Amino acid sequence: MAAGDPHLTSPALGCGESPNTVGYGLHPRSATNMPGEMDRPLISHHLVESNSSLAEVPNQAFKVGILGSGDFARSLATRLVGSRFSVVVGSRHPKRIAGLFPSGAQVTFQEEAVSSPDIIFVAVFREHYPTLCGLSDQLAGKILVDVSNPTEHEHLQHRESNAEYLASLFPTCTVVKAFNVISAWTLQAGPRDGNRQVPICSDQQEAKHKVSELARAMGFTPVDMGSLASAREVEAMPLRLFPGWKVPVLLALGLFVCFYAYNFVRDVLQPYVREGKNKFYKLPVSVVNMTLPCVAYVLLSLVYLPGVLAAALQLQRGTKYRRFPDWLDHWLQHRKQIGLLSFFCAALHALYSFCLPLSRSHRYDLVNLAVKQVLANKSHLWIEEEVWRMEIYLSLGILALGTLSLLAVTSLPSITNSLSWREFSFVQSTLGFVALVLSTLHTLTYGWTRAFEESRYKFYLPPTFTLTLLVPCVVIMAKGLFLLPCFRRRLVQIRRGWERDGALKCALPEDCALAEKCSHV
Numbered sequence: 163m164a165a166g167d168p169h170l171t172s173p174a175l176g177c178g179e180s181p182n183t184v185g186y187g188l189h190p191r192s193a194t195n196m197p198g199e200m201d202r203p204l205i206s207h208h209l210v211e212s213n214s215s216l217a218e219v220p221n222q223a224f225k226v227g228i229l230g231s232g233d234f235a236r237s238l239a240t241r242l243v244g245s246r247f248s249v250v251v252g253s254r255h256p257k258r259i260a261g262l263f264p265s266g267a268q269v270t271f272q273e274e275a276v277s278s279p280d281i282i283f284v285a286v287f288r289e290h291y292p293t294l295c296g297l298s299d300q301l302a303g304k305i306l307v308d309v310s311n312p313t314e315h316e317h318l319q320h321r322e323s324n325a326e327y328l329a330s331l332f333p334t335c336t337v338v339k340a341f342n343v344i345s346a347w348t349l350q351a352g353p354r355d356g357n358r359q360v361p362i363c364s365d366q367q368e369a370k371h372k373v374s375e376l377a378r379a380m381g382f383t384p385v386d387m388g389s390l391a392s393a394r395e396v397e398a399m400p401l402r403l404f405p406g407w408k409v410p411v412l413l414a415l416g417l418f419v420c421f422y423a424y425n426f427v428r429d430v431l432q433p434y435v436r437e438g439k440n441k442f443y444k445l446p447v448s449v450v451n452m453t454l455p456c457v458a459y460v461l462l463s464l465v466y467l468p469g470v471l472a473a474a475l476q477l478q479r480g481t482k483y484r485r486f487p488d489w490l491d492h493w494l495q496h497r498k499q500i501g502l503l504s505f506f507c508a509a510l511h512a513l514y515s516f517c518l519p520l521s522r523s524h525r526y527d528l529v530n531l532a533v534k535q536v537l538a539n540k541s542h543l544w545i546e547e548e549v550w551r552m553e554i555y556l557s558l559g560i561l562a563l564g565t566l567s568l569l570a571v572t573s574l575p576s577i578t579n580s581l582s583w584r585e586f587s588f589v590q591s592t593l594g595f596v597a598l599v600l601s602t603l604h605t606l607t608y609g610w611t612r613a614f615e616e617s618r619y620k621f622y623l624p625p626t627f628t629l630t631l632l633v634p635c636v637v638i639m640a641k642g643l644f645l646l647p648c649f650r651r652r653l654v655q656i657r658r659g660w661e662r663d664g665a666l667k668c669a670l671p672e673d674c675a676l677a678e679k680c681s682h683v
């Protein structure tokens, strides 16, 4: 699932250092010892009391400065103090806000705060950057870490990033963009409760290295994003809301709307038009419950369809070194999200089915059926075939949902990291295909002989389950075809690097633009 924490509650922070500063030891403890250090609570009892006297902290550890007094600045100070750094906070009103910071942090005026540290976190909004220009002389040669995040409107309005704007105001400083994707909560609770990665970019390599070491000492994982020109891209990360889920969610919503409309026409509109029966009460529960399994089933088949298409392309081309078309590559990358949405719809279908007997309309139908039975003098309605069909149908549905649950659980990063590649591949590929087969058998058992009954074709429309079987059956038959020795052997050879003679050709100049629109295998 996508990287990046929720939007910061206050301007984000970063750190930087002067390119002229000699290398230093960031921490009495090395970065390799930090995971054990992160196990202890960050906010201990001796940090709760603030240092209202503004007394200087003994200069025993590397000193880091912070300009700003917002939520993020306070969380950052707490994190740095907990990581055994000497922290000095600069504010225009130090006595007023000193009680909000941990006792291990020195809170003083801005001029004093920037005089000794080589790395200064700038924790103020973009519009307040010009107010720091009076500190230009004291900041000369130092590293400024910009941690701010623009709003969506500001990101579209300004052509330059906040970090580039800060660099233009302080040309004698080295500006580093970092820590903007880390929330104030993550800083206080620790990186284990949030995203560990910290994207870092700057035009000065040594400054990036020092900020990276600082991030490691705090328990985070730095990621080099290149020069400061990448700051705009880094600042856009917190603005994205589930970027990898947009297409899968739209696909699931589109399928739901289509199947819901189809079921509405067949099971609500047709009885109303042809027989004058009002069955609109089915819309909130019954029609939704008929739609959810259709969406879940089709989505599950769409998880494995792109793999079938990719295998067919490799067999046709005779090589694995040619790019897939862009649409297929994106489809392959969204399989995890599509699979999780399939599990979500299947779980909702199970809950709706479990609660369906509680509805008044269902109980009314049961009572009505019992009355008709008494009036017809029928002693029982036991039909052996129907009993077996329903028992098998329910059993297959439970097995399919259980297998889907296993697939969903193993998609969690904490579970995935505990599995070997072979184990993960077996669960996601082999068991995933088993789930698709079980779902197909579940659907076929539900349909039984209904697909051949004329009364099931309302408005001449086939039953919904017959439509849902189209894509899954194609996937299952294609998978079975690839298991034949003639195809399987060749596919294994291709995926091990074998190429058919002349399969890989250099693109001609006129094909270059087309080649760039495709992605590698």
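For what it's worth, the working numbering labels the leading residue of the sequence shown as 163, then goes sequentially.
The C-beta atom is built at its ideal place from N, Cα and C for all residues, glycine as well.
The structure displayed is predicted, hence computed values, not measured ones.
(message) Taking only three categories from DSSP, how would you classify Pro647?
(response) Taking the first residue of the sequence shown as 1, we reach residue 647 at position 485. Helix.
(request) Could you tell me which of Glu547, Leu349, Thr240, Leu454 sits nearest to Gly261, measuring between CA atoms? (result) Counted from its first residue, the sequence shown places residue 261 at position 99. Restricting attention to Glu547, Leu349, Thr240, Leu454, the CA atom closest to the CA of Gly261 is found in Thr240.
(message) Could you pull the DSSP bridge partners for Ser298 from this structure?
(response) One-based indexing of the sequence shown puts residue 298 at position 136. Looking at the DSSP output, Ser298 bridges to nothing.
(message) Given this structure, state the Cα-to-Cα distance separating Lys534 from Leu543, to the nearest angstrom.
(response) Residue mapping note: residue 534 aligns to position 372 of the sequence shown, counting from 1. Residue mapping note: residue 543 aligns to position 381 of the sequence shown, counting from 1. Approximately 11 Å, taken between the alpha carbons.
(message) Please state whether the Cβ-Cβ distance between Phe382 and Val360 is less than 8 Å.
(response) Residue mapping note: residue 382 aligns to position 220 of the sequence shown, counting from 1. Residue mapping note: residue 360 aligns to position 198 of the sequence shown, counting from 1. Their beta carbons are under 8 Å apart, which means Phe382 touches Val360 by this criterion.
(request) Within the region 279-351, note down every full beta strand (DSSP E) run reaching 3 residues or more, in order along the chain. (result) The DSSP assignment places complete beta strand (DSSP E) segments of no fewer than 3 residues inside the region 279-351 at 281-284, 305-308, 336-339, in order along the chain.
(message) Among the candidates Asp527, Gly480, Trp610, whose CA atom is the shortest distance from the CA of Arg657?
(response) Taking the first residue of the sequence shown as position 1, residue 657 is located at position 495. Considering only alpha carbons, the answer is Gly480.
(message) Taking DSSP's pairing of strands, which residues face Cys363 in a bridge?
(response) Start at 1 with the first residue of the sequence shown, and residue 363 comes out as number 201. Beta-bridge pairing by DSSP links Cys363 to Lys339.
(request) Check whether the region 284-301 touches the region 222-230, counting contact only when three or more Cβ pairs, one atom from each stretch, lie closer than 8 Å. (result) Counting Cβ pairs under 8 Å, three or more are found: they touch.
(request) Tell me whether Ala223 sits in a helix, a strand or coil according to DSSP, three-state version. (result) Locating residue 223 in the sequence shown gives position 61, counting from the first residue. Of the three classes helix, strand and coil, the one that applies to Ala223 here is coil, per DSSP.
(request) Taking Ser245 as the reference, give the member of His255, Ala351, Ile259 with the closest Cα. (result) Taking the sequence shown and counting its residues from 1, the one referred to as residue 245 is at position 83. Per the Cα distances, Ala351.
(message) Can you tell me which residues form a DSSP beta bridge with Ile259?
(response) Here the question's residue 259 lines up with position 97 in the sequence shown. Ile259 is not bridged to any residue.
(message) Does Leu581 come out as helix, strand or coil in the three-state DSSP assignment?
(response) Along the sequence shown, read from residue 1 onward, the residue named residue 581 stands at position 419. Leu581 carries a coil assignment under DSSP once its states are collapsed to helix, strand and coil.
(message) Relative to the C-alpha of Lys370, which candidate in Arg652, Val571, Phe404, Val337 has its C-alpha closest?
(response) What you label residue 370 is simply residue 208 of the sequence shown in a count that begins at 1. Looking at the Cα atoms, Val337 is the closest of the given residues.
(request) With DSSP collapsed to three states, give me the class of Leu403. (result) Residue numbering aside, residue 403 sits at position 241 when the sequence shown is read from its first letter. When DSSP states are grouped into helix, strand and coil, Leu403 belongs to the coil group.
(request) Please go through the same chain and pick out, in chain order, the residues whose beta-carbon is closer than 7 Å to the beta-carbon of Asp673, but skip the five residues on each side of it. (result) As a working mapping, residue 673 is identified with position 511 in the sequence shown. In this predicted model, Asp673 has a pLDDT of only 45, less than 50, meaning its place in the structure is not dependable; the value taken from the coordinates is given anyway. Sequence-distant partners of Asp673 (beyond 5 residues in either direction) whose C-beta falls short of 7 Å from its own C-beta are missing from its chain.
(request) Give the secondary structure of Pro455 by DSSP, where H, G and I count as helix, E and B as strand, and everything else as coil. (result) On the sequence shown, position 293 is the one that residue 455 refers to. Under the three-state reduction of DSSP, Pro455 is assigned to helix.
(request) Go ahead and label Gln367 buried or exposed: buried means 16 or more other beta carbons lie within 10 angstroms of its beta carbon, across all protein chains shown. (result) Position 205 of the sequence shown, counting from 1, holds the residue named residue 367. Gln367 counts as exposed, since fewer than 16 other beta carbons sit within 10 angstroms of its beta carbon.
(request) Hey, could you find the ends of the alpha helix (DSSP H) Gly244 is sitting in? (result) Counting from 1 along the sequence shown, the entry for residue 244 is found at position 82. Residues 233-244.
(message) Which of the three DSSP states is assigned to Val633 in this structure?
(response) In the sequence shown, the residue the question calls residue 633 occupies position 471. In the structure shown, Val633 sits in a helix (DSSP, three-state: H, G or I).
(request) Give me whichever residues DSSP pairs with Ser253 in a beta bridge. (result) In the sequence shown, the residue the question calls residue 253 occupies position 91. Paired residues: Phe271.
(request) Would you give the residue range spanned by the alpha helix (DSSP H) that Thr565 belongs to? (result) Translated into the one-based positions of the sequence shown, residue 565 becomes position 403. Residues 546-572.
(message) What residue range does the beta strand (DSSP E) around Thr383 cover?
(response) Here residue 383 refers to the residue found at position 221 of the sequence shown. Bounds of the beta strand (DSSP E) holding Thr383 are 383-386.
(message) Is the separation between the beta-carbon of Val250 and that of Ala223 shorter than 8 Å?
(response) Here residue 250 refers to the residue found at position 88 when the sequence shown is read from its first residue. Here residue 223 refers to the residue found at position 61 when the sequence shown is read from its first residue. Not closer than 8 Å, so no.
(message) I'd like the ranges of any alpha helix (DSSP H) spanning at least 4 consecutive residues and lying wholly in the region 419-477.
(response) For the region 419-477, whole alpha helix (DSSP H) runs of length 4 or above, ordered along the chain, are 432-436.
(request) Measure the C-alpha to C-alpha separation of Asp663 and Asp488 and round it to an integer number of angstroms. (result) Locating residue 663 in the sequence shown gives position 501, counting from the first residue. Locating residue 488 in the sequence shown gives position 326, counting from the first residue. Asp663 and Asp488: Cα-Cα distance of roughly 25 Å.
(request) Go ahead and pull the three-state DSSP assignment for Ser265. (result) Mapped onto the sequence shown, residue 265 falls at position 103. Three-state result, Ser265: coil.
(message) Quick check: the Cα distance between Ala377 and Ala398, rounded to an integer number of angstroms?
(response) Position 215 of the sequence shown, counted from the first residue, corresponds to residue 377. Position 236 of the sequence shown, counted from the first residue, corresponds to residue 398. Approximately 20 Å between the Cα atoms of the pair.
(request) Just the C-alpha distance for Lys439 and Pro433, rounded to the nearest angstrom, thanks. (result) On the sequence shown, residue 439 is found 277 positions in, with the first residue counted as 1. On the sequence shown, residue 433 is found 271 positions in, with the first residue counted as 1. Each residue's Cα considered, the two are about 5 Å apart.
(message) Between the region 634-652 and the region 442-458, can you find at least three pairs of beta-carbon atoms closer than 8 Å?
(response) These segments do not touch.
(message) DSSP three-state label for Lys498, please.
(response) Walking along the sequence shown from the start, residue 498 turns up at place 336. In the three-state DSSP reduction, Lys498 falls in the helix class (H, G or I).
(request) Given a cut-off of 8 Å, decide if Leu349 and Ser237 are closer than it, judged by their beta-carbon atoms. (result) Here residue 237 is taken as the residue at index 75 of the sequence shown, counted from 1. Here residue 349 is taken as the residue at index 187 of the sequence shown, counted from 1. Judged by beta-carbon spacing, Leu349 lies within the 8 Å limit of Ser237, meaning their Cβ atoms are closer than that value.
(message) According to DSSP, is Leu229 part of a helix, a strand, or is it coil?
(response) Translated into positions along the sequence shown, residue 229 becomes position 67. In the three-state reduction of the DSSP assignment, Leu229 falls in the strand class.
(request) Measure the alpha-carbon distance for Trp550 versus Thr605 and round it to whole angstroms. (result) Locating residue 550 in the sequence shown gives position 388, where the first residue counts as 1. Locating residue 605 in the sequence shown gives position 443, where the first residue counts as 1. Between Trp550 and Thr605, the C-alpha separation is close to 15 Å.
(message) Taking contact to mean 3 or more Cβ pairs, one atom from each stretch, closer than 8 Å, check whether the region 449-463 and the region 614-623 are in contact.
(response) Cβ pair count under 8 Å is below three, so no.
(message) Counting C-beta neighbours from all protein chains within 10 Å, is the total for Thr592 16 or more, i.e. buried, or is it exposed?
(response) Against the sequence shown, residue 592 aligns to sequence position 430. By the 10 Å Cβ count, Thr592 comes out exposed.
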